[in-house]
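Participant:
Residue numbers (this note's numbering), protein chains in the order written: chain A, 1 to 291; chain B, 1 to 232.
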């Protein structure tokens, strides 16, 4: 029964990983941008929520109403004013610029909020759980995180497949120059994609902040899990990202059940195994241009 | 008045000069063909007009206004639409979606999903299929249809016949009169000289980045054209 519990908890944690990874998957899928500052931007959202909670006296979940739009605006402006200029076909410029951005965000957070660990207090929901039997209890917060992750992915999938904006995003992803030919302003579309990406990582960052304590330098460690989720699922595939997050979560949870020391290691090993067996990931998108 | 006026255009790829003082004028409602051998600069000229390649010297006027500094998507809004070399359809979109994305800017006009499919019945049969699995001819029809969906005033066609069987080329060119019927201005690039001469009101011949001959197909002798085309 402990193993069943481990799997269930792993699936639930996978929801959080998927939330943190969705934006990474989207920005790679649409503009071939590997955003090394993605984890730090999630941390920025958590701190933003912390500031709003302490000033306005509302809960962190309520603060999302402000944090998400703010992060989306930051995403759009960041893409239009900086990241678009790194997308000239070479691999290195986006990596270097987003790495620099990561350092700036970490230093900024350290300066403003100090190195102390912080936590977001969401109240009773953090400890409330749904008891299945003596040994299995499902935390409402974890369940909410997974539900939010699935809802966001469904919404994003509908946006991409059913709307004019979604068609433009996919067209720009397929062939940037051909997209310009049909009248799509790539710079704007990339800005919109980054706005969506940061909107999702903002939700991920706040849920992470409710779940565990966090510090200004925690971004890169979160980025690794997000990267692994994306790679396991296959680059550019949204459902793959959810599955990747769940596989990673379950691996860690089972590893942790064997011995707490193996928790993170088990996740990395499964990631490496999948990379070895299926280098393109489980759900790599057919028909898309090779990266 | 000329709808499009290219004057003394010079374009480069790095240090390599692709266009030397090229001047081309197209009147509203006209169909003009640019012929020339491989590497003569035909596609570069169309890319310059569409805004995909920078002009280093010279001017570009559309509807009487200079457009050399206007972004590609704004030129589309103004009615300049390119059917690019190699078709460049979107492989992860379905045929219908490729057409719909062509209407992204929503210019008004006679062309919509129904009229484009009526023009190219071969597209109606594969509407829901992924554009990646189409035959070459279907892809070319889709590329033309996608451009028509924007309801252009000036349609730029780059190498429609390239790599296609003669019968398919015939089918595509058979659509030309219907496209022109609504008063569309067309500037087309062709290596297939016979096809170009048959379709165009006037032709320009490019040789190594320079205009070597212009005139209407009826006035030009075969020998003149081949001299302008090959340079001997």
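Virtual Cβ for every residue (Gly too), placed ideally from N, Cα, C.
Hey, residue 30 of chain B and residue 1 of chain B: beta-carbon distance below 9 Å or not?
Facilitator: It is not a contact, given that the beta carbons lie outside the stated cut-off.
Participant: Taking the straight line between their C-alpha atoms, what separation do you get for residue 225 of chain A and residue 232 of chain A?
Facilitator: Straight-line Cα distance between these residues: approximately 10 Å.
Participant: So what does residue 129 of chain A bridge to, in DSSP terms?
Facilitator: Its beta-bridge partners are A/139.
Participant: Curious, which full-length beta strand (DSSP E) runs of at least 3 residues does the segment 37–63 of chain B contain?
Facilitator: 57–62
Participant: What are the residues of the segment 179–201 of chain A that lie near chain B, defined by any Cβ-Cβ distance shorter than 7 Å?
Facilitator: Cβ contacts with chain B: 180, 181, 182, 183, 184 and 185.
Participant: Return the first residue and the last residue of the alpha helix (DSSP H) that residue 202 of chain B is part of.
Facilitator: Counting along the chain, residue 202 of chain B falls outside any alpha helix (DSSP H), though it belongs to the beta strand (DSSP E) covering 202–207.
Participant: Residue 59 of chain A to residue 165 of chain A, Cα distance in whole Å?
Facilitator: If I take the Cα positions, the gap works out to 33 Å.
Participant: Give the straight-line distance between the Cα atoms of residue 112 of chain B and residue 46 of chain B, rounded to the nearest whole angstrom.
Facilitator: 25 Å
Participant: Could you pull out every residue in the same chain whose Cβ sits closer than 6 Å to the Cβ of residue 221 of chain B, ignoring the five residues on either side in sequence?
Facilitator: none
Participant: Please list, in chain order, the chain B residues whose beta carbon lies closer than 9 Å to that of residue 170 of chain A.
Facilitator: 90, 92, 93, 97 and 101
Participant: Let me see if you follow: with CB-CB separation under 9 Å, is residue 318 of chain A close to chain B or not?
Facilitator: Since the first residue shown for chain A is 1 and the last is 291, residue 318 of chain A is missing from the structure and cannot be characterised.
Participant: Does the distance from the CB of residue 66 of chain B to the CB of residue 143 of chain B come in under 9 Å?
Facilitator: no
Participant: For residue 212 of chain B, which three-state DSSP category applies?
Facilitator: strand
Participant: For a cutoff of 9 Å on Cβ pairs, would you count residue 81 of chain B as touching chain A?
Facilitator: yes
Participant: Under 8 Å between beta-carbons, which chain A residues line up against residue 150 of chain B? List them in chain order, please.
Facilitator: 182 and 183
Participant: Which chain A residues sit within Cβ distance under 7 Å of residue 73 of chain B?
Facilitator: 180, 183, 184 and 185
Participant: Name, going along the chain, the residues of the segment 24–56 of chain B whose beta-carbon falls closer than 9 Å to a beta-carbon of chain A.
Facilitator: 50, 51 and 52
Participant: Pull up the distance between the alpha-carbon of residue 157 of chain A and that of residue 176 of chain A, whole angstroms please.
Facilitator: 21 Å
Participant: I'd like to know whether the C-beta atoms of residue 33 of chain B and residue 199 of chain B end up nearer to each other than 9 Å.
Facilitator: yes
Participant: Would you give the residue range spanned by the beta strand (DSSP E) that residue 189 of chain B belongs to?
Facilitator: 185–190
Participant: Give the C-beta separation of residue 184 of chain A and residue 53 of chain B to the nearest angstrom, bearing in mind that I take them to be a contact with Cβ-Cβ under 8 Å.
Facilitator: Not a contact, Cβ separation roughly 18 Å.
Participant: Given that residue 4 of chain B touches chain A, what residues does it touch there, using C-beta distances under 9 Å?
Facilitator: Ordered by position in chain A, no residue passes the 9 Å Cβ test against residue 4 of chain B, which lies about 17 Å from the chain.
Participant: If the cut is a Cβ gap below 7 Å, which residues of chain A does residue 146 of chain B touch?
Facilitator: 182
Participant: Tell me whether the beta-carbon of residue 187 of chain B lies closer than 9 Å to the beta-carbon of residue 4 of chain B.
Facilitator: yes
Participant: Note down, in chain order, each residue of its chain lying with its Cβ closer than 7 Å to the Cβ of residue 44 of chain B, except the 5 sequence neighbours on either side.
Facilitator: 11, 18, 19 and 53
Participant: Is the separation between the beta-carbon of residue 41 of chain A and that of residue 202 of chain A shorter than 9 Å?
Facilitator: yes
Participant: Look up residue 106 of chain A in the DSSP assignment and give the residues it is bridged to.
Facilitator: BP columns for residue 106 of chain A are empty, so no partner.
Participant: Start and end of the beta strand (DSSP E) containing residue 7 of chain B?
Facilitator: Segment 2–13, the beta strand (DSSP E) holding residue 7 of chain B.
Participant: Would you say the segment 177–197 of chain A touches the segment 91–103 of chain A, given that touching needs at least three Cβ pairs under 8 Å?
Facilitator: no
Participant: Can you list, in chain order, the residues of its chain whose CB lies under 6 Å from that of residue 225 of chain B, leaving out five sequence neighbours each side?
Facilitator: none
Participant: Can you have a look at residue 114 of chain A and say buried or exposed, based on whether 16 or more other CB atoms are within 10 angstroms of its CB?
Facilitator: Exposed, since its Cβ has fewer than 16 Cβ neighbours within 10 Å.
Participant: Relative to the C-alpha of residue 50 of chain A, which candidate in A/168, A/116, A/264 and A/140 has its C-alpha closest?
Facilitator: A/116
Participant: How big is the Cα-Cα spacing for residue 289 of chain A and residue 56 of chain A?
Facilitator: Low confidence applies to residue 289 of chain A: its pLDDT is 40, below 50, so where it sits in the model is not reliable, and the reading given next is rough at best. Cα to Cα, residue 289 of chain A sits roughly 47 Å from residue 56 of chain A.
Participant: If residue 95 of chain B sits next to residue 131 of chain B, beta carbons under 8 Å apart, how far is it from one beta carbon to the other, in whole angstroms?
Facilitator: 5 Å
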